[in-house]
Amino acid sequence: MTTLSELNDDIIRSMSVGAVFSDFGGKINSLDFHRTADVLVTASDDDSVRFYDITNAQLVKTTYHKNHGADRVCFTHHPNSVICSSKYNLDSNGESLRYLSLYDNRCLRYFKGHTDRVVSLCMSPVNDCFMSGSLDHSVRMWDLRVNACQGILHLRGRPTVAYDQQGLVFAVAMEGGAIKLFDSRSHDKGPFDTFLVGGDTAEVCDIKFSNDGKSMLLTTTNNNVYLLDAYHGEKKCGFNMDSSANATIEATFTPDGQYVLSGSGDGNIHAWNISDEPNKVASLDSHIGVAGCLRWAPRRVMFAAAAASVLTFWIPDDDAEPGAPAPAPVPLP
1 MTTLSELNDD IIRSMSVGAV FSDFGGKINS LDFHRTADVL VTASDDDSVR FYDITNAQLV
61 KTTYHKNHGA DRVCFTHHPN SVICSSKYNL DSNGESLRYL SLYDNRCLRY FKGHTDRVVS
121 LCMSPVNDCF MSGSLDHSVR MWDLRVNACQ GILHLRGRPT VAYDQQGLVF AVAMEGGAIK
181 LFDSRSHDKG PFDTFLVGGD TAEVCDIKFS NDGKSMLLTT TNNNVYLLDA YHGEKKCGFN
241 MDSSANATIE ATFTPDGQYV LSGSGDGNIH AWNISDEPNK VASLDSHIGV AGCLRWAPRR
301 VMFAAAAASV LTFWIPDDDA EPGAPAPAPV PLP
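This is how it looks when you write it as structure tokens:
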């Protein structure tokens, strides 16, 4: 079995579809891997939250949430519990976020405050805190142990949030391509740094930090992807991923921080080696259209991609010759 320490250009080129799940009744809105367990969760427009064992590529459980819907989803520290945002009944008294136990299909806690759709959601890697960014132009800080909001930032535009891998810093993107960095322990003092993504004022729809904390990956609503120095905000490189009429894309780091993969409006998944000068190493046919959800597993040589109502798991083709393009998978049902 290939290990993460062996990741190289040929392995990236050999990645191919190992499993397909096409039984969703609506668009897949988000997906997340657990940090330490080999499980994945999805939320989709059919109001379902689905739980997968990635070691066996098996769907373990499906729960439906007809009253609230299922939009953004992320794991807590426990591999059987998630935070999920609501799609329905969003008003001042609406339960915009829910802390769910997938083990026994219970809601452990409701979180009220947002008055519009949550478009960004992330869990602290070190404690029970999490953050949500909403189209109501606010970012809210929460603690799984209490219902009340622990802090709020009022912003312009669509806010996007992310913690660094140590949980010490979080980033907030806002109108005009501005990225503000906050100390997680004293966010009420305001940002300690602000970056501007020069030349692009499109709203940022996703932020990810590399595991070493040195880089940030931004994806914008017009399908541009930027790699930034996380310490100084310098733009290392940018990629235009072809626009698509009704779909945004997602990009992801590999766990070693040496590669970036991104969906694209052209229906491919593109990969770059960023260890030195960014170098494109692969263009993989997604076979499912524009990958709006794309995440690399934290502990395995695999990634998950979703487009519309189809989810795919990608693994190396160990029989592929070095440098050869990955073979096409079995056609989708």
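The numbering of the sequence shown is full-length UniProt numbering, which starts it at 1 and goes up by one.
Ideal placement from N, C-alpha and C gives every residue a C-beta, glycine not left out.
The alpha helix (DSSP H) enclosing residue i, as first and last residue numbers
i   : result
S48 : Taken as a continuous stretch (DSSP letters only), S48 belongs to no alpha helix (DSSP H), being part of the beta strand (DSSP E) at S48 to D53.
As assigned by DSSP and simplified to three states, the class of residue i
i           : result
G18         : strand
L4          : helix
I28         : strand
residue 360 : Given that the chain is displayed from residue 1 to residue 333, the structure contains no residue 360 and the question cannot be resolved.
R295        : strand
H117        : This sequence places Arg at residue 117; His is not what is there. Correct three-state label for R117: coil.
I249        : coil
D9          : helix
N240        : strand
S124        : coil
residue 363 : Outside the displayed range of the chain (1 to 333) lies residue 363, so it cannot be described from this structure.
T254        : coil
D319        : coil
First through last residue of the beta strand (DSSP E) which encompasses residue i
i    : result
S210 : Run containing S210: none; DSSP gives neither H nor E here.
A307 : F303 to A307
Q150 : V146 to H154
H270 : N268 to N273
I315 : V310 to P316
S262 : Y259 to S262
A57  : Segment: none, A57 is in no beta strand (DSSP E) and carries neither H nor E.
T221 : Unbroken run through T221: none, as it is neither H nor E.
T42  : V39 to S44
Beta-carbon gap between residue i and residue j smaller than 7 Å
i           : j    : result
P316        : I11  : yes
K180        : T160 : no
residue 339 : S22  : Given a span of 1 to 333 for the chain in the structure shown, any question on residue 339 remains unanswerable.
N29         : S44  : yes
S286        : G267 : yes
C84         : L108 : no
C74         : L121 : yes
A57         : F313 : yes
T254        : L294 : no
R35         : P298 : yes
D53         : V41  : no
D206        : E234 : no
V301        : S262 : no
Heavy atom of the ligand SAH within 6 Å of residue i beta-carbon
i    : result
K112 : Here there are no bound small molecules, and the ligand SAH is not part of this structure.
Three or more C-beta pairs below 8 Å linking the region 245 to 255 and the region 182 to 197: no
Jot down the residue ranges of each uninterrupted beta strand (DSSP E) in the region 63 to 108, minimum 3 residues, whole runs only, in chain order. 73 to 75, 81 to 85 and 97 to 101
Measuring CB atoms only, is the region 197 to 210 touching the region 165 to 179, in the sense that at least three cross pairs come out at less than 8 Å? yes
Can you list the alpha helix (DSSP H) stretches of 4 or more residues lying completely in the region 127 to 205, in chain order? none
Touching or not, the region 108 to 118 and the region 82 to 97, by the rule of three or more beta carbon pairs under 8 Å? Short answer: they touch.
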